[in-house]
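Every position in the sequence shown, counted from 1, becomes a number in the numbering used here once 48 is added. For glycine and all other residues, C-beta sits at the position ideal for the given N, C-alpha and C. Working notes for the structure below.
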Amino acid sequence: MLEGKIAVVTGASRGIGRQIAVTMAKEGAYVIVNYNGSAAKAEEVVKEIEAAGGQAEAVQCNVSDYGAAEEFLKNVIAKHKRIDILVNNAGITRDNLLMKMSEEEFDAVIDTNLKGAFNCIKHVSRQMLKQKSGRIINISSVSGVMGNAGQANYCASKAGMIGLTKSVARELGSRGITVNAIAPGFIDTEMTAVLPDDVKKAMGDQIPLKKFGTTQDIADAAVFLASDRAKYITGQVLCVDGGMAM
Ligand code: NAP
Numbered sequence: 049m050l051e052g053k054i055a056v057v058t059g060a061s062r063g064i065g066r067q068i069a070v071t072m073a074k075e076g077a078y079v080i081v082n083y084n085g086s087a088a089k090a091e092e093v094v095k096e097i098e099a100a101g102g103q104a105e106a107v108q109c110n111v112s113d114y115g116a117a118e119e120f121l122k123n124v125i126a127k128h129k130r131i132d133i134l135v136n137n138a139g140i141t142r143d144n145l146l147m148k149m150s151e152e153e154f155d156a157v158i159d160t161n162l163k164g165a166f167n168c169i170k171h172v173s174r175q176m177l178k179q180k181s182g183r184i185i186n187i188s189s190v191s192g193v194m195g196n197a198g199q200a201n202y203c204a205s206k207a208g209m210i211g212l213t214k215s216v217a218r219e220l221g222s223r224g225i226t227v228n229a230i231a232p233g234f235i236d237t238e239m240t241a242v243l244p245d246d247v248k249k250a251m252g253d254q255i256p257l258k259k260f261g262t263t264q265d266i267a268d269a270a271v272f273l274a275s276d277r278a279k280y281i282t283g284q285v286l287c288v289d290g291g292m293a294m
């Protein structure tokens with residue numbers, strides 16, 4: 049579904065980003081596997097893609113740094129002459145109750161999750177406008193739709209990504225660029241592996257489909273939104289959450 053497309057996936061060294069990168073490559077895209085600190089893991093993702101007959105490269109960039117994001121995407125455009133798909137997936141948590149949450153915990157999460165997405169959108173949008181085509185997919189969260197105790201910083205960043213998605217979708221729509229968000233529910237990754245078993249059980253009980261999702265569930269939604277089959281969909285938030293947020 050994505051033959052010949054150039055795709056940038058941020059935070060693709062692990063978890064959901066990794067699966068999006070692998071799946072987009074399987075569908076024919078050349079994938080730029082972005083990471084911040086996990087160089088060896090990002091190289092493993094590239095090897096996995098190449099072993100399956102796909103094409104990819106790993107590129108380090110801390111997306112929360114405006115100048116670094118500019119340099120990163122400028123280099124991608126110089127090398128590949130275009131960017132068809134941007135997936136803003138890089139994200140972190142620094143959970144704490146509001147009364148205990150430090151300014152650093154709040155800022156770190158907003159800087160990576162929300163500002164990181166802004167930085168990357170900002171530096172691909174001129175190229176996508178020139179191309180008169182592009183797909184931007186922001187990985188938000190059901191937490192940004194519903195709120196979650198102990199995650200004021202994370203929920204604010206993920207709700208912010210939804211506002212960012214809708215605003216940019218309105219601004220870029222006339223030039224053939226679609227901008228959508230995916231709001232995953234609880235997905236089995238390193239981010240959720242650290243949760244205590246009783247918390248996991250309580251979360252599972254809130255999900256109508258009664259189980260956590262897989263990274264493949266999110267990757268399949270991302271491939272759909274990046275493909276021609278989703279060409280008339282923009283400004284939407286697709287909850288891939290087993291029915292949790294409805
Ligand atoms: P994860 O396993 O912790 O992976 C996070 C990825 O983001 C890593 O590849 C990490 O790379 C990268 N990253 C972190 N900070 C970065 C930065 N400043 N610049 C570039 N890359 C950075 O997380 P995940 O569970 O796959 O989550 C992926 C996304 O889905 C996140 O946005 C998360 O909020 C969202 N989400 C997850 C769930 C869930 O249940 N897991 C639910 C809803 C939404 P390095 O290791 O190189 O730093």
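Check your understanding: Closest to Ala87 by CA distance: which of Leu162, Glu98, Ala106 and Gly101 is it?
Key -> Ala106
Practice item. Say whether the region 146-158 touches the region 226-236, bearing in mind that this needs 3 or more beta-carbon pairs closer than 8 angstroms, one atom from each stretch. Key: no
Check your understanding: So, using beta-carbon positions, are Ile97 and Ala274 closer together than 8 angstroms?
Key -> no
Check your understanding: Can you tell me the Cα-Cα spacing of Lys178 and Ile185, whole angstroms?
Key -> 19 angstroms
Review point. Does the ligand PLP have even one heavy atom less than 7 angstroms from the beta-carbon of Pro232?
Key: Judged by which ligands are present, the ligand PLP is missing from the structure shown, whose ligands are the ligand NAP.
Review point. Under 8 angstroms between the Cβ atoms of Gly198 and Asn144?
Key: yes
Practice item. Pick helix, strand or coil for Ala106, following the three-state DSSP scheme. Key: strand
**Study point:** Cα-Cα separation between Glu152 and Gly101, rounded to whole angstroms
**Key:** 43 angstroms
Check your understanding: From what residue to what residue does the alpha helix (DSSP H) around Ala88 run?
Key -> Ala87 to Ala99
Practice item. Report yes if the C-beta distance between Asn136 and Gly164 is below 8 angstroms; otherwise report no. Key: yes
**Study point:** Distance between Glu75 and Asn196 (C-alpha atoms, nearest Å)
**Key:** 35 angstroms
Check your understanding: Where do the ends of the alpha helix (DSSP H) carrying Ala267 lie?
Key -> Thr263 to Ala274
Check your understanding: Is the beta carbon of Asp265 less than 8 angstroms from the beta carbon of Val288?
Key -> yes
Practice item. Note down the Cα distance separating Thr237 from Ile64, rounded to an integer number of angstroms. Key: 7 angstroms
Exercise for review: Figure out for me which residue from Tyr83, Leu50 and Val93 has the closest Cα to the Cα of Gln305.
Suggested key: Past the boundaries of the shown model lies residue 305; the chain is included only from 49 to 294, so the question cannot be answered.
Review point. In the DSSP assignment, what are the bridge partners of Tyr78?
Key: Ile54 and Gln103
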